[in-house]
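Reviewing the structure listed below.
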Amino acid sequence: MLDVFKTPKTTIECRSADSPILKSEAKLSVGGASGRSSPYSPPSPSAIVFGRRLTAIYRPDTLFFGENYRCCCDLIHIVNAGYTVAILDGLKLIIELAFFSSLVGYFDTFHVAHLTWALVAFVAAGFGFWQERFFLFWPILALKATKMSFTLISMIIILCFSLVYRPWLYRLIKWAYPRVEHPISFGIGLSILLLVILAIDAIVFDVIYRLQTYYRRKAMAIYFMERREILRILA
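Quick note: the sequence shown uses my numbering, first residue 72, plus one each step.
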């Protein structure tokens, strides 16, 4: 039986481990050069390794084509896109802190926690790019998921207060940003700004998640390639 594994540019035929052809090959390897298999003799270690090697070689999920991982209508490779969004997101973080904390608000415990988490996430992502370790991208993915949730909730609350009872919106804006002179107008502009931030964070999350998938599958392909070489030597 033939299992056909297709990629956008390549079609590769792989034999499954329970194929009759592979079973006959395994019997020949057990029976020796004469091709006769003895029902009383146990399989030799080479036959066992031979079977494991076949399983490792003919697994379709071990195939990896790094050039297929692209984004932006196949214009940019996912690694270059990851570098770009990481740099732009760092600049966006600086602008957010400068705008919300220094100009219209104050630097409280929430901003300190956000800045600390962001610094840890960016340092881990930097090591992830350098060492090509997919698990080092989890902090920035968790940060983006949490930030998108809070941004969406804040945007919904501001819109509800602006439509239902504007004095609550006035008190909320004055409590969060005491330097604002026109809270109602600022609340409408803040909703639009939160929508833009939500869209940017969603794009960053999508690119970083696809980049993590790229590094994870690349690591698995390297692992199976090295395992195949070891089994070839042992066989």
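The beta carbon of each residue, even a glycine, is placed where N, CA and C say it ideally should be.
Query                                                                                                                : Result
Identity of the residue in 247, 284 and 253 nearest residue 200 by Cα                                                : 284
Three-pair Cβ contact test at 8 Å for the stretch 290-304 versus the stretch 255-263                                 : no
Sequence-distant residues of the same chain with beta carbon closer than 7 Å to residue 163, five excluded per side  : 271
Burial state of residue 245, where buried means 16 or more other Cβ atoms lie within 10 Å                            : exposed
For residue 147: DSSP bridge partner residues                                                                        : 142
8 Å Cβ shell around residue 210 - same chain, five flanking residues per side excluded                               : 188, 191, 192, 195 and 196
Under the three-state DSSP convention, the category residue 236 falls into                                           : coil
Assigned exposure category for residue 207 - 16 Cβ within 10 Å defines buried                                        : buried
Spatially closest choice to residue 141 from 282, 228, 237 and 287, by CA coordinates                                : 282
Own chain partners of residue 254 with C-beta closer than 6 Å, once the 5 adjacent residues on each side are dropped : 241, 244 and 245
Residue of 279, 143 and 144 minimising C-alpha distance to residue 215                                               : 279
heavy atom of the ligand NAD below 7 Å from residue 157 C-beta                                                       : Here there are no bound small molecules, and the ligand NAD is not part of this structure.
Where residue 249 falls: helix, strand or coil (DSSP)                                                                : coil
Spatially closest choice to residue 221 from 304, 288, 185 and 165, by CA coordinates                                : 185
Endpoints, the alpha helix (DSSP H) within which residue 192 is located                                              : 180-202
Residue 306 (DSSP reduced to helix, strand or coil)                                                                  : coil
Alpha carbon of residue 273 to alpha carbon of residue 287, nearest angstrom                                         : 21 Å
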